[in-house]
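Report on one structure; see the data block that follows.
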Amino acid sequence: MQYERKNIQQMAGYVPGEQPTDAHTIKLNTNENPYPPPAAVMAALGEVQPEDLRRYPSPAAAGFRDAAARCHGVSSEQIVTTNGGDELIRLALTTFVEPGQPVGIADPSYSLYLTAAAIHGSPVVKAKLTDHWQLPTDFAQQMNAAGVALTLVVNPHAPSGQLLKKDTIAALADALDGVLMVDEAYVDFADPSHNLVPLIKQHNNLLILRTLSKGYSLAGLRLGYGIGPTNLITPIATKTRDSFSVDAIADRVGATALAHRESFSAGWAMVRENREKLVGELRKRGFTVPDSQTNFCLARVPNQATQSAHTLYLALKEAGILVRYFDTPALNNCLRITIGTAEQNARLLAAIDAASHE
Ligand SMILES: *Cc1c(COP(=O)(O)O)cnc(C)c1O
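Going by the numbering used here, the first residue of the sequence shown is number 7, and it counts up by one from there.
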């Protein structure tokens, strides 16, 4: 006897990238930051007291919420703290989409959107990206025509790394009938002049997702947040959120991380530099790689007749280097490669060269 709801029976679960536990694998498959969090953040972890654990945490993770508000120059009421950015994706569905009402995405994008929609019981309207990973010009019209209540756009885009400019996002928010959630999981690695936060003043349907998993080297902590106008934030922060979804440790450590934003920026600059080098080297070897504003790049393999993306993925794995292979038609000749340290990237290139000479 199956007790699951029909949509749960029918769906497949989200499949995260592999997480090997050995120390020697070079992990370039899940877009973690290659540099560890700075000493100030580890010191904050050391300051956690037994009382912090005995008692329930601040329901709204007030310490972090205030730190995020200061960091972005908004009020605390324009911030909601979540258990990873992923929780905010689920909460946006819960809060803004009637079950059965469609959600909209660009295709391809973050595959968790499909999982979250399936759990919610919402069909997904997919607008195919152009050959250069751009939104189709009639993207908003496609969403509106289908009655989409929530459109999810990852920017910079995953898996291509392309960045939509502020004006494009503003125009999209204007054109959409429903809520626009811009998933900025990778924004810390983008051009530092890019900033969408001021747009929340003019667009009452714009919700921005942030996470400490990528830029802040804290994927293990599970901390994310939303930035938006209060008409979007308040219902999430006061009604649909789990009462204590962010624990006392994440609240404290995350607040310290944002307060020490400056000490992360050298790492972000290093990732950008390593990224430009790696992309250049991959292009020299014949890979097609779109410009990236993230900590990964999407490399289409050359000479697919002699070596497919899948065989290269396996050869790299054999050499102890994990990259991400997606078994989907739009991406099956590509590998998504996280930007590692300079040394990791050099080893990746050496392994690619070795694999293509076999
Ligand atoms: C990593 C990621 C997130 C959020 O991840 P969390 O670890 O849950 O904070 C959201 N969107 C995209 C596209 C991501 O890659």
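Built from N, CA and C at the ideal position, the CB exists for glycine as well.
Just so it is clear, the structure is predicted and the values come from calculations on it, not from any experiment.
For residue 355, the uninterrupted alpha helix (DSSP H) run begins and ends at 348-362, by DSSP. In this structure, the alpha-carbon of residue 210 lies about 46 Å from that of residue 28. Residue pairing by DSSP puts residue 327 in a beta bridge opposite 32.
A Cβ-Cβ contact shorter than 8 Å links residue 130 with residue 108.
In the DSSP assignment, residue 149 falls outside any beta strand (DSSP E) and lies within the alpha helix (DSSP H) extending over 145-151. In the three-state reduction of the DSSP assignment, residue 306 falls in the strand class. In summary, residue 143 is exposed, with fewer than 16 beta-carbon neighbours lying within 10 Å of its beta-carbon over all protein chains present. Rounded to whole angstroms, the separation of the alpha carbons of residue 62 and residue 295 is 48 Å.
In this chain, residue 141 is not harboured by any alpha helix (DSSP H), its DSSP state being neither H nor E. One residue list follows from the rule of a beta carbon closer than 5 Å to any heavy atom of ligand 1, given in chain order as 90, 91, 92, 116, 160, 164, 189, 191, 217, 219, 230. In this structure residue 342 is in contact with residue 304, their Cβ atoms being roughly 5 Å apart against a cut-off of 8 Å.
As DSSP reads the structure, residue 77 sits in no beta bridge. If you check the CB distance, residue 94 and residue 230 come in under 8 Å. Counting only residues of its own chain and dropping the five nearest sequence neighbours on each side, residue 264 has a CB closer than 7 Å to the CB of 73, 74, 77.
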